[in-house]
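**Q** Quick note: the sequence shown uses our numbering, first residue 88, plus one each step.
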Amino acid sequence: MAKPWAPSHVSEVAKGLGIDHRISGEVKEKLVEMLHLRLKQITREMEEETLLNEPGKKTLSDPNRTRLGFSRTRGLMIEEIENVESVSSAAVVNANEILENYLKNSLLSAAEEADNEKVGTIKIRHMSTKTTSSDNIQQTETSLNESSEEVSVSNGQKIESLSPVNIKNIMKQLSGKKLDNDAVEELLLLYYDYASDLEYNLQKNIQQGDLSSIKNLLEKYEKLMMLGWMRRILKSASEKADYENSNSIKIEHIVAIDPWS
Numbered sequence: 088m089a090k091p092w093a094p095s096h097v098s099e100v101a102k103g104l105g106i107d108h109r110i111s112g113e114v115k116e117k118l119v120e121m122l123h124l125r126l127k128q129i130t131r132e133m134e135e136e137t138l139l140n141e142p143g144k145k146t147l148s149d150p151n152r153t154r155l156g157f158s159r160t161r162g163l164m165i166e167e168i169e170n171v172e173s174v175s176s177a178a179v180v181n182a183n184e185i186l187e188n189y190l191k192n193s194l195l196s197a198a199e200e201a202d203n204e205k206v207g208t209i210k211i212r213h214m215s216t217k218t219t220s221s222d223n224i225q226q227t228e229t230s231l232n233e234s235s236e237e238v239s240v241s242n243g244q245k246i247e248s249l250s251p252v253n254i255k256n257i258m259k260q261l262s263g264k265k266l267d268n269d270a271v272e273e274l275l276l277l278y279y280d281y282a283s284d285l286e287y288n289l290q291k292n293i294q295q296g297d298l299s300s301i302k303n304l305l306e307k308y309e310k311l312m313m314l315g316w317m318r319r320i321l322k323s324a325s326e327k328a329d330y331e332n333s334n335s336i337k338i339e340h341i342v343a344i345d346p347w348s
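1. Using the beta-carbon count (16 or more within 10 Å), is residue 129 buried or exposed?
2. Based on Cα-Cα distance, which residue from 253, 95, 276, 158 lies nearest to residue 109?
3. What does the Cβ neighbour count give for residue 174, buried or exposed, with the cut at 16 atoms within 10 Å?
4. Within the stretch 124–209, note down every full alpha helix (DSSP H) run reaching 4 residues or more, in order along the chain.
5. Check residue 266 in the structure and name its three-state DSSP category.
6. Only counting runs of 4 or more residues, tell me where the alpha helix (DSSP H) segments fall wholly within the stretch 264–308, in order along the chain.
7. Taking the alpha carbon of residue 308 as the point to measure from, which residue in 257, 318, 338, 281 has its own alpha carbon closest?
8. Just checking, does the stretch 139–154 make contact with the stretch 117–127 on the three C-beta pairs under 8 Å criterion?
9. Do the CB positions of residue 321 and residue 93 come within less than 9 Å of each other?
10. On the DSSP bridge assignment, give the partners of residue 335 in chain order.
11. State the start and end residues of the unbroken alpha helix (DSSP H) segment that holds residue 321.
12. Measure how close the beta-carbons of residue 338 and residue 273 come, nearest whole angstrom, since I'm counting them as under 8 Å.
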């Protein structure tokens, strides 16, 4: 059964939204319940709209508009990767957002050219050299590849998904300390919450066209995938455990760390 967000994560999200007051533990738990309930409502609404648009469909989809096919994009990405071993779902979602934004901007520019000629059909001549040029795309790919290589060299380890066993093995390599089961569970929730937060901010900045923030977020995402974030959290938790003369890392050591710093 899928588990909801960690109360500590919801509290941090609230701070980012401008809530300056301290939030009690009981309220944090209540907020998780509220968000979970709202998500259930959203899912049911999306399911109804999906079936209204396409009766008999078996997969929940975005009822508002058609999106690039997930499996096609993932397959094309797999053919391009060199320094990692697989492509995560989050990476495909990010790529599709970037591609759809690129598609939108390209066609809006071409539509203006068509309007200037007072024609209702976009022709190949309306696609300007700037729009179709691959120079900017190539520069972006080169930059991302160089960044990916640096992360790969510094961290070395690549895995497709995290599990309690993966996390405990990483901890053994760092300090040899044991992780309590509830600490592992909290850490996994934080990891996926942090990934979701990065995805949300990346999509927002793509829509706003903030290239500097997009580059910064992509670098954070690459480090997350290469376990740089996980190692930082585990190292901090280990230091807190050492300070308390604890032989194992407990959930309070994980909760005390700001994963978004």
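Where is the CB? At the ideal position from N, CA and C, for every residue including glycine.
**A** Taking the coordinates as given:
1. exposed
2. 95
3. buried
4. 157–167, 176–203
5. strand
6. 268–295
7. 281
8. no
9. no
10. 265
11. 315–330
12. 5 Å
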